[in-house]
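Visitor: Here it is, the structure in full.
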Amino acid sequence: MCMNSEESPHQPRQERSRATAERLLNATIRILDESGLDGAVIPRIAAVAKVAPASVYRRFADKEALLRAAFMHVLKQSNQANHQQLKTLILRDTLASTSKCLITLLFKQFQQHPHLFRALSHFIDADSNSEFANEARSIMSANVDVIVEILLMHRSEIAHGLPESALRFAVLNVTCSIETFTLDPRSLWHTEPSTSESELAESLVHSFVAYLTTSQAA
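With the working numbering applied, the sequence shown corresponds to residues -12 to 205, in that order.
Structural data, given as structure tokens:
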């Protein structure tokens, strides 16, 4: 009885604290998605979360700690969603059709969240916390692993002697190409004569499949 009477006043406070922290994370992610790093300032985050700015510092040491927590939340959610849904979204009967679905999905993701992707990339590059950067890259690498695992279901079509390594290279190649094309208007993809999205997508599918289905010389 004594233990219960001591815990009961604290539990609602703990629940409120968790709810406030979740609102702060969601508000930060929303602002990053809308405005990128430049828009993610504490007064605006607090206003969107409907808390006082002082509440931020009761839960996070500084703005960088809040941003790390928000980015990590996004990355972990992405990884979980990929494990649960990606196979259904992209797996088709052939390597070519699955590759086309994958590349279409990558274009869609970068186009829907350009500010968030730019913010994450810039923050990882600039952040002094190497532990966060290493963990973030580890989760992104795990996302590539999920894609490779799905594409390995077309192993019979892959002529490369090291199918897993080849798939990893191919996935990273198309992902980086799409990221640069979508997020960097100053990249060489946009020089004259410019390449349209549909042209790039078609070329990426062709090169992706050709690389995997062509025997490699020893």
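Every residue, glycine too, gets a C-beta built ideally from N, C-alpha and C.
1. Could you compute how far the alpha carbon of phenylalanine 58 sits from the alpha carbon of isoleucine 16?
2. Can you tell me the Cα-Cα spacing of threonine 28 and arginine 10, whole angstroms?
3. So, are the CB atoms of alanine 106 and leucine 12 less than 8 angstroms apart?
4. Going straight from the alpha carbon of alanine 83 to that of valine 133, what length do you get?
5. Evaluate the contact criterion for the stretch 172 to 191 versus the stretch 67 to 80: three or more CB pairs, one atom per stretch, below 8 angstroms.
6. Counting Cβ pairs, one atom from each stretch, are 3 or more of them under 8 angstroms apart for the stretch 165 to 175 and the stretch 79 to 96?
7. May I ask you to report which of helix, strand or coil DSSP gives alanine 14?
8. If you count every other CB in all the chains shown that lies within 10 Å of the CB of histidine 109, and 16 or more means buried, which is it?
9. Is the separation between the beta-carbon of glutamate 144 and that of threonine 200 shorter than 8 angstroms?
10. Can leucine 191 and valine 161 be called in contact, C-beta distance under 8 angstroms?
11. Between alanine 52 and histidine 147, what straight-line distance do the alpha-carbon atoms span, to the nearest angstrom?
Guide: In short, the structure shows the following:
1. By one-based count along the sequence shown, residue 58 stands at place 71. By one-based count along the sequence shown, residue 16 stands at place 29. When rounded, the distance between both Cα atoms is 7 angstroms.
2. If you number the sequence shown from 1, residue 28 lands on position 41. If you number the sequence shown from 1, residue 10 lands on position 23. The sequence given here places valine at residue 28; threonine does not occur at that position. Answer to the nearest angstrom: the Cα atoms are 15 angstroms apart.
3. Within the sequence shown, the letter at position 119 stands for residue 106. Within the sequence shown, the letter at position 25 stands for residue 12. No.
4. As a position in the sequence shown, residue 83 is number 96, starting the count at 1. As a position in the sequence shown, residue 133 is number 146, starting the count at 1. Roughly 18 angstroms separates the two Cα atoms.
5. no
6. yes
7. One-based indexing of the sequence shown puts residue 14 at position 27. Here alanine 14 sits in helix by DSSP.
8. Along the sequence shown, read from residue 1 onward, the residue named residue 109 stands at position 122. Looking at its Cβ environment, which holds fewer than 16 other Cβ atoms inside 10 Å, histidine 109 is exposed.
9. Reading the sequence shown from its first residue, position 157 is the one you call residue 144. Reading the sequence shown from its first residue, position 213 is the one you call residue 200. Against a cut-off of 8 angstroms, the Cβ pair of threonine 200 and glutamate 144 comes out as a contact.
10. The residue you call residue 191 lines up with position 204 of the sequence shown. The residue you call residue 161 lines up with position 174 of the sequence shown. Yes, they are a contact pair.
11. Stepping through the sequence shown from its first residue, residue 52 is reached at position 65. Stepping through the sequence shown from its first residue, residue 147 is reached at position 160. For alanine 52 and histidine 147, the distance between alpha carbons rounds to 44 angstroms.
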